Amino acid sequence: MSKTLFNSGHTACAGCGQSMAARLVIDAAGPNTIIVNNTGCLEVFSTKYPETSWGVPFIHSLFENAAAVASGVESAIKYLGKADEINIIAQAGDGGTADIGLQALSGMLERGHNILYVCYDNEAYMNTGVQRSGLTPFDTNTTTSPVGSISSGNLRPKKPVPEIANAHGIPYVATASAGFPQDLQRKVKKAISIKGPKYIQVHVPCPLGWRHETNLTINVAKLAVETGLYPLIEYENCIISARRQITPKPVEEYLKVQGRFKHLLKKPEEIKKIQDIADNNIKKYGLKVEQQQISPSA
Amino acid sequence: MKELLEGSLAVAEVVRLCRPGVISAYPITPQTHIVEELAQIVANGKLNAQFVNVESEHSAASTVLGSVACGVRSYTATSSQGLFLMAEVLYNIAGMRLPVIMTTAARAISAPINIWNDHQDVVSLRDSGWIQLHAEDIQEAVDLHLIAYRLGEDKSIMLPVMVCMDGFILTHGLETVNMPSQEEVDKFLPPYKAPYKLDVTNPLTLGPLVDPEFYTEARFALNETHKEALALIPKITSEFSNVFGRNYNGLVEEYQMKDAERVIVAMGSVCGTIKDVIDELRKKGKKVGLLKVTSLRPFPSSHIYEALKNATKVAVIDRALSLGSFAPLASEIKAVFFGKVKKPKVISSFIVGLGGRDITRESIKEIFRLLTGKEKQGEFIDLKPELLKESYE
């Protein structure tokens with residue numbers, strides 16, 4: 171078995187997409203990396219005292235401040251004259267990034283710190299019991315966007331955090347998926363080779379919150395990409411430099427394997443709305459394989 | 006060297022002499038002059054430090070948390086609402102045992118919004134785990150920063166320290182300050198050597214999840230360290246005295262206390278006014294004195310007990326409230342004497358100087374006068390009853 175910097179024995183749920191992605195990220199970044207982690211599932215399941223899964227220096231402070239703590243870490247590393255030797259990764263879940271941590275993230279991006287920020291997007295507050303976040307998709311059934319007689323779940327589409335990151339004029343932004351591990355690792359390596367603030371948002375299925383079988387994590391992640399609901403895009407200097415092209419599958423294939431969307435299956439008008447979101451993405455980002463490619467996808 | 010300096014500039018200068026590697030702050034009145042001056046010092050190349058302009062006080066505290074976790078001496082400053090926005094991070098910094106040093110320009114809390122001085126902000130943070138020191142004047146504010154770094158970074162302590170200086174009164178006031186030289190500072194304050202830090206050659210996990218099996222012990226240890234800090238403070242102030250010639254006597258000051266019958270207990274800049282009034286009353290043969298509490302945390306209860314046990318009547322001045330209960334410092338002074346045989350007959354509690362209302366010599370004389378009578382509980386001095394008559398109707 172190859173050596174990993176994120177060791178087994180942690181307490182993540184079976185089929186946890188975040189634990190897979192976190193291992194892929196740190197193994198791609200390598201041992202000369204400091205991790206700054208927001209509060210959330212990842213920190214909870216990987217650092218229960220007196221044990222830790224981390225083979226690199228790791229610090230967790232609070233729910234919303236990984237970007238700010240990482241800014242301090244980066245400033246200290248710069249002061250110590252080790253800026254060229256050490257990678258700094260700030261990482262958080264979708265709530266810690268898109269909601270409570272957005273201000274600190276914006277500050278970190280605007281100040282130009284040499285930090286890679288990784289958002290593990292499992293599309294709700296899973297650590298506290300599946301409450302909706304700013305990255306919860308439209309019509310998702312969560313504990314705070316429940317389906318009811320007058321509601322079909324979450325009222326709003328996902329907050330466009332990669333585009334918000336891009337608006338800061340930073341050199342690298344990408345979306346990735348636990349369903350495409352090599353692509354994720356390539357993006358992490360590319361990101362840390364670039365100086366300045368970088369943002370990667372990784373789609374990570376959560377069997378508990380999404381209510382899918384634990385052996386389907388990778389399949390579900392792939393379906394999100396293949397339907398056009400989670401486009402894999404890379405921006406370099408704010409311009410799209412690559413995207414994963416697909417032969418789009420109907421969104422129903424993605425929705426029907428997850429309990430969080432079960433209520434939609436008898437509502438074709440709601441499925442149509444979600445298909446529209448996918449179609450929009452396909453058009454906006456040029457995801458269809460027939461279309462001309464800007465650069466080869468991974 | 007003696008210089009006429011504004012308090013903020015004097016603090017910025019002593020911070021420079023402490024050689025922090027990272028400074029991070031967010032502007033708030035009346036802290037701004039300190040960080041503006043430090044920004045200029047860094048811009049002029051007079052201090053090799055990273056100056057991080059953050060987007061909130063929450064991030065200022067988080068940034069220095071991160072830099073101290075890398076073993077780099079760091080500094081921040083704030084006030085009032087900014088301190089409250091930091092509050093979550095401050096508890097976290099103390100629990101993580103990271104010796105961040107911060108100046109707090111003590112200021113009132115909104116609502117109503119008020120930018121002037123009292124102690125509601127800092128006193129509200131007394132349970133955060135930070136060591137909390139209160140300066141009487143600008144010289145003391147300067148000196149307490151040196152003591153703060155030395156104390157907080159001691160391997161046996163490893164706690165953050167907040168140096169409180171009264172907003173405007175000390176931050177914007179001018180005073181002749183004996184500014185230490187770099188040689189003196191270097192002699193007293195060695196470079197920071199962190200016993201644990203984020204280091205790729207020795208990977209550690211900081212800030213883990215701690216369950217009921219271990220949490221109590223982590224908090225117990227934190228509390229024990231405050232006791233150890235109390236024991237260490239006199240050693241550090243005595244060393245300080247050897248290098249700089251000024252004696253802070255374990256961070257409790259007794260002024261005209263030897264035969265004092267009526268004593269005021271207070272913190273911060275009001276102590277200067279109290280000393281003036283004492284000098285005046287002493288000339289008239291009144292046996293009055295002052296006990297100045299410089300270290301609110303750790304709370305020097307034994308020292309306070311010894312200093313006050315022979316006084317007949319004690320007045321505790323609070324410049325903050327614990328709404329719905331006894332005033333904060335008064336309740337702690339009373340707790341010192343709970344169950345003791347030898348104790349003052351009266352421990353009265355007075356509220357004064359909220360939101361920048363001047364505490365005059367007359368205010369202090371009124372307190373000494375009221376102390377001749379019955380025990381007072383949270384008595385407001387200089388209250389304007391005519392302003393309380395307004396109604397909604």
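Taken in order, these protein sequences are the chains called D and Z.
Position one of the first sequence corresponds to residue 171 (this note's numbering), numbered consecutively onward.
Position one of the second sequence corresponds to residue 6 (this note's numbering), numbered consecutively onward.
For every residue, glycine included, the Cβ atom is placed at its ideal position computed from N, Cα and C.
Keep in mind that this is a model prediction, so the values were computed, not measured.
Less than 7 Å between the C-beta atoms of Z:Tyr197 and Z:Glu158, yes or no? By one-based count along the second sequence, residue 197 of chain Z stands at place 192. By one-based count along the second sequence, residue 158 of chain Z stands at place 153. Cβ atoms of Z:Tyr197 and Z:Glu158: closer than 7 Å.
First through last residue of the beta strand (DSSP E) which encompasses Z:Gln144: Translated into the one-based positions of the second sequence, residue 144 of chain Z becomes position 139. Counting along the chain, Z:Gln144 falls outside any beta strand (DSSP E), though it belongs to the alpha helix (DSSP H) covering Ile143 to Gly157.
Residue interval of the beta strand (DSSP E) (run including Z:Leu10): Residue 10 of chain Z sits at position 5 when you count from the first residue of the second sequence. Counting along the chain, the unbroken beta strand (DSSP E) around Z:Leu10 starts and ends at Lys7 to Glu11.
Unbroken alpha helix (DSSP H) run spanning Z:Phe373, endpoints: The sequence position of residue 373 of chain Z within the second sequence is 368, counting from 1. Where Z:Phe373 is concerned, the enclosing alpha helix (DSSP H) stretches over Arg366 to Leu375.
Range covered by the alpha helix (DSSP H) that runs through Z:Arg287: Walking along the second sequence from the start, residue 287 of chain Z turns up at place 282. Taken as a continuous stretch (DSSP letters only), the alpha helix (DSSP H) holding Z:Arg287 covers Val275 to Lys288.
Euclidean distance between Cα positions of Z:Val40 and Z:Val47: Position 35 of the second sequence, counting from 1, holds the residue named residue 40 of chain Z. Position 42 of the second sequence, counting from 1, holds the residue named residue 47 of chain Z. Approximately 10 Å, taken between the alpha carbons.
Kindly indicate if chain A contains any beta-carbon less than 7 Å away from that of D:Leu232. Absent from the structure is chain A; the protein chains it does hold are D and Z.
Below 8 Å on C-beta distance, what does D:Val243 contact in chain Z? Taking the first residue of the first sequence as 1, we reach residue 243 of chain D at position 73. Going along chain Z in sequence order, the residues near D:Val243 (Cβ under 8 Å) are Gly71, Ser72, Ala74, Cys75 and Leu203.
Beta-carbon gap between D:Gly266 and D:Gly210 smaller than 7 Å: As a first step, residue 266 of chain D is located in the first sequence; it is residue number 96 there, counting from the start. As a first step, residue 210 of chain D is located in the first sequence; it is residue number 40 there, counting from the start. Yes. Within cutoff.
Thinking C-alpha only, which one of Z:Thr365, Z:Trp121 and Z:Gly255 is nearest Z:Ala153? The residue you call residue 153 of chain Z lines up with position 148 of the second sequence. The candidate whose alpha carbon is nearest that of Z:Ala153 is Z:Gly255.
Anyone know if the C-beta pair for Z:Met107 and Z:Glu62 falls short of 7 Å? Here the question's residue 107 of chain Z lines up with position 102 in the second sequence. Here the question's residue 62 of chain Z lines up with position 57 in the second sequence. Contact flag unset, no.
Do Z:Gly71 and D:Val239 have their C-beta atoms closer together than 7 Å? In the second sequence, residue 71 of chain Z corresponds to position 66, counting from 1. In the first sequence, residue 239 of chain D corresponds to position 69, counting from 1. Cβ distance < 7 Å, so Z:Gly71 and D:Val239 count as in contact.
Once DSSP output is grouped into helix, strand and coil, what is the label at Z:Asp387? Looking up residue 387 of chain Z in the second sequence gives position 382. Here Z:Asp387 sits in coil by DSSP.
Which parts of the segment 285 to 338 of chain Z are runs of the beta strand (DSSP E), unbroken and 3 residues or longer, counting only runs that do not cross its ends? 293 to 298, 300 to 302 and 318 to 323
At the level of alpha carbons, what is the spacing between D:Ala335 and D:Lys329? Position 165 of the first sequence, counted from the first residue, corresponds to residue 335 of chain D. Position 159 of the first sequence, counted from the first residue, corresponds to residue 329 of chain D. Straight-line Cα distance between these residues: approximately 11 Å.
If D:Gln273 sits next to D:Ala236, beta carbons under 8 Å apart, how far is it from one beta carbon to the other, in whole angstroms? As a first step, residue 273 of chain D is located in the first sequence; it is residue number 103 there, counting from the start. As a first step, residue 236 of chain D is located in the first sequence; it is residue number 66 there, counting from the start. Contact flag wrong, Cβ pair sits at about 12 Å.
When you compare the CB positions of D:Ser241 and D:Met278, do they come within less than 7 Å of one another, or not? For the purposes of this step, residue 241 of chain D is taken as residue 71 along the first sequence, with counting starting at 1. For the purposes of this step, residue 278 of chain D is taken as residue 108 along the first sequence, with counting starting at 1. Yes, the pair counts as a contact, with Cβ atoms nearer than the cut-off.
Beta-carbon proximity list for Z:Asp281, same chain, < 7 Å, skipping 5 on both sides: In the second sequence, counting from the first residue as 1, residue 281 of chain Z sits at position 276. Result list for Z:Asp281: Arg366, in chain order.
Taking only beta-carbon atoms, is Z:Leu328 less than 7 Å away from chain D? If you number the second sequence from 1, residue 328 of chain Z lands on position 323. No - not a single Cβ of chain D is within 7 Å of the one on Z:Leu328.
Any beta carbon of chain Z sitting closer than 7 Å to that of D:Tyr277? Walking along the first sequence from the start, residue 277 of chain D turns up at place 107. Contrary to the premise, residue 277 of chain D reads as Gly rather than Tyr in this sequence. D:Gly277 counts as touching chain Z.
Rounded straight-line distance, which links the Cα of D:Val459 to that of D:Glu423: Taking the first sequence and counting its residues from 1, the one referred to as residue 423 of chain D is at position 253. Taking the first sequence and counting its residues from 1, the one referred to as residue 459 of chain D is at position 289. So the two alpha carbons sit approximately 19 Å from each other.
Where does Z:Val19 sit, in a helix, a strand or coil, going by DSSP? By 1-based counting over the second sequence, the position of residue 19 of chain Z is 14. Judged by DSSP in its simplified three-state form, Z:Val19 adopts helix.
Strand pairing of Z:Val57, partner residues [DSSP]: Counting from one through the second sequence, the residue named residue 57 of chain Z turns up at place 52. According to DSSP, Z:Val57 bridges with Z:Ser29.
Of all Cβ atoms in chain D, is any one closer than 7 Å to the Cβ of Z:Ser67? In the second sequence, counting from the first residue as 1, residue 67 of chain Z sits at position 62. Closer than 7 Å to some Cβ of chain D, the Cβ of Z:Ser67 qualifies, so yes.
Counting contacts by CB-CB distance shorter than 7 Å, is D:Pro227 in contact with chain Z? In the first sequence, counting from the first residue as 1, residue 227 of chain D sits at position 57. It does; some Cβ of chain Z falls within 7 Å.
Name the chain D residues that come within less than 8 Å of Z:Asp216, Cβ to Cβ? Your numbering for residue 216 of chain Z matches position 211 in the second sequence. Within 8 Å Cβ-Cβ: Lys218 and Tyr219.
Determine the closest residue to Z:Ile338 out of Z:Gly329, Z:Asp323 and Z:Leu43, with distance taken between C-alpha atoms. Indexing the second sequence from 1 puts residue 338 of chain Z at position 333. Closest by alpha carbon: Z:Asp323.
Would you list the one or two residues that DSSP bridges to Z:Leu214? As a working note, residue 214 of chain Z is residue 209 in the second sequence. Bridge partners of Z:Leu214: D:Lys218.
My output table needs one value for D:Tyr295: the three-state DSSP class, helix, strand or coil. Start at 1 with the first residue of the first sequence, and residue 295 of chain D comes out as number 125. If DSSP states are grouped into helix, strand and coil, D:Tyr295 belongs with the strands.
Name the residue from D:Glu406, D:Glu396, D:Gly179 and D:Thr345 whose alpha carbon lies nearest to the alpha carbon of D:Lys419. As a first step, residue 419 of chain D is located in the first sequence; it is residue number 249 there, counting from the start. Nearest Cα to D:Lys419 within the set D:Glu406, D:Glu396, D:Gly179 and D:Thr345: D:Glu396.
Can you give me the start and stop residues for the beta strand (DSSP E) that Z:Ile136 sits inside? The count along the second sequence starts at 1 and reaches residue 136 of chain Z at position 131. In this chain, the beta strand (DSSP E) harbouring Z:Ile136 covers Ile136 to His139.
What's the gap between the Cα of D:Ala394 and the Cα of D:Ser303? To locate residue 394 of chain D, count along the first sequence from 1; it is residue 224. To locate residue 303 of chain D, count along the first sequence from 1; it is residue 133. Counting only the Cα atoms, D:Ser303 lies some 18 Å from D:Ala394.
Is the beta carbon of Z:Leu301 less than 7 Å from the beta carbon of Z:Gln137? In the second sequence, counting from the first residue as 1, residue 301 of chain Z sits at position 296. In the second sequence, counting from the first residue as 1, residue 137 of chain Z sits at position 132. Contact flag set, yes.
Hey, Z:Glu42 and Z:Leu14: beta-carbon distance below 7 Å or not? Position 37 of the second sequence holds residue 42 of chain Z. Position 9 of the second sequence holds residue 14 of chain Z. The answer is yes: Cβ separation under 7 Å.
DSSP-derived helix/strand/coil call for D:Tyr342: Start at 1 with the first residue of the first sequence, and residue 342 of chain D comes out as number 172. Looking at D:Tyr342 - three-state DSSP - the assignment turns out to be strand.
Who pairs with D:Glu406 in a beta bridge, going by DSSP? Within the first sequence, residue 406 of chain D is the residue found at index 236, counting from 1. Answer is D:Tyr342 and D:Ile409.
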